[in-house]
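Written below as structure tokens is the structure these notes are about.
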Amino acid sequence: MTKKLPHEFYTRTDVVQISKDLLGKYLFTNVGGNLSAGIIVETEAYCGRGDKACHANNKRTPRTEVMFAEGGKAYVYLCYGIHHLFNVVTNVEGMADAVLVRAIEPVHGLDWMLLRRQYPQLKPALTAGPGAMSAALGITTKLYGQDLLGDTIWIEDHGIIIPEKDIIASPRVGVQYAKEDALRPWRFRIRGNAYTSPAK
DNA sequence: TGCTGGATTCACT
DNA sequence: GTGAATCCAGCAC
Numbered sequence: 003m004t005k006k007l008p009h010e011f012y013t014r015t016d017v018v019q020i021s022k023d024l025l026g027k028y029l030f031t032n033v034g035g036n037l038s039a040g041i042i043v044e045t046e047a048y049c050g051r052g053d054k055a056c057h058a059n060n061k062r063t064p065r066t067e068v069m070f071a072e073g074g075k076a077y078v079y080l081c082y083g084i085h086h087l088f089n090v091v092t093n094v095e096g097m098a099d100a101v102l103v104r105a106i107e108p109v110h111g112l113d114w115m116l117l118r119r120q121y122p123q124l125k126p127a128l129t130a131g132p133g134a135m136s137a138a139l140g141i142t143t144k145l146y147g148q149d150l151l152g153d154t155i156w157i158e159d160h161g162i163i164i165p166e167k168d169i170i171a172s173p174r175v176g177v178q179y180a181k182e183d184a185l186r187p188w189r190f191r192i193r194g195n196a197y198t199s200p201a202k
């Protein structure tokens with residue numbers, strides 16, 4: 003039960019469903035010859051249309067260009083000049099949907115993660131949070147536009163299935179009456195996992 | 001050509 | 001809990 007997620011996984015049109023499906027999957031990076039991996043425990047969905055929080059909301063620019071590409075690519079964005087945020091581009095070409103991977107549980111290459119983060123020992127904060135996670139895995143803007151079926155960064159299915167009841171969604175209150183962008187944030191995390199931010 | 005603010009994190013009060 | 005650090009894309013002039 004170890005395989006890279008197929009191209010079809012990313013080109014589906016329901017970005018929220020993909021966000022949930024990504025929970026429990028293994029995110030691998032091979033940066034500078036150092037293999038690192040972790041289980042995805044927290045994600046957030048961004049919809050290219052009607053979602054003001056999304057960079058690519060009706061704005062096609064050089065930076066967001068890859069979001070408009072076909073699913074299965076990496077979109078890496080430098081935030082606050084310090085933090086690299088890693089996104090999985092989804093949906094078909096022309097639809098700028100993406101899933102922000104916010105946190106992982108380290109499973110492989112722990113020494114490298116600690117080194118990159120300059121941590122003396124393992125703490126949940128090592129990979130809890132999009133900026134921290136990217137730093138631990140060595141994700142930088144060099145990975146912008148990388149194919150997730152390539153050999154630098156990819157996602158594998160190890161047969162872990164997260165039951166619907168163990169997925170905590172964090173929509174806004176009154177979501178039933180809200181329109182599309184009021185659903186933000188489409189944030190999903192695995193219940194009880196130490197590497198996600200505490201549930202509120 | 002210059003200014004503004006951001007999908008954050010960490011240190012300090 | 002609050003604020004600073006810090007780079008660049010996007011927009012205004």
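When the first sequence is numbered by this note's numbering, its final residue is 202 and no position is left out of the sequence of numbers. For every residue, glycine included, the Cβ atom is placed at its ideal position computed from N, Cα and C.
For residue 78, DSSP records a beta bridge to 88.
DSSP, read as helix, strand or coil, puts residue 107 in strand. With respect to residue 50, residue 99 sits close: the two C-beta atoms are nearer than 8 Å. For residue 130, the pairing in a beta bridge is given by DSSP as 105.
In the DSSP assignment, residue 39 forms a beta bridge with 30, 110. Where residue 190 is concerned, the enclosing beta strand (DSSP E) starts and stops at 188-192. In this structure, residue 7 sits near residue 158, with a CB-CB distance shorter than 8 Å. Minimum Cα-Cα distance from residue 139 among the listed residues 172, 28, 67 corresponds to 28.
DSSP, read as helix, strand or coil, puts residue 158 in strand. Listed as beta-bridge partners of residue 99 by DSSP are 92. Secondary structure at residue 196: coil, using DSSP grouped into helix, strand and coil. Checking the DSSP bridge columns, you'll see residue 44 partnered with 105, 191. Selection 147, 12, 169 evaluated against residue 68 yields 147 as nearest (Cα-Cα).
By the neighbour-count criterion, in which 16 or more other beta carbons inside 10 Å mark a residue as buried, residue 79 falls on the buried side. Annotated as proximal: residue 133 and residue 85, with beta-carbon spacing under 8 Å. With the rule of 3 Cβ pairs closer than 8 Å, the region 151-170 counts as touching the region 30-46. Contact check for residue 76 against residue 90 passes: the beta carbons are separated by less than 8 Å.
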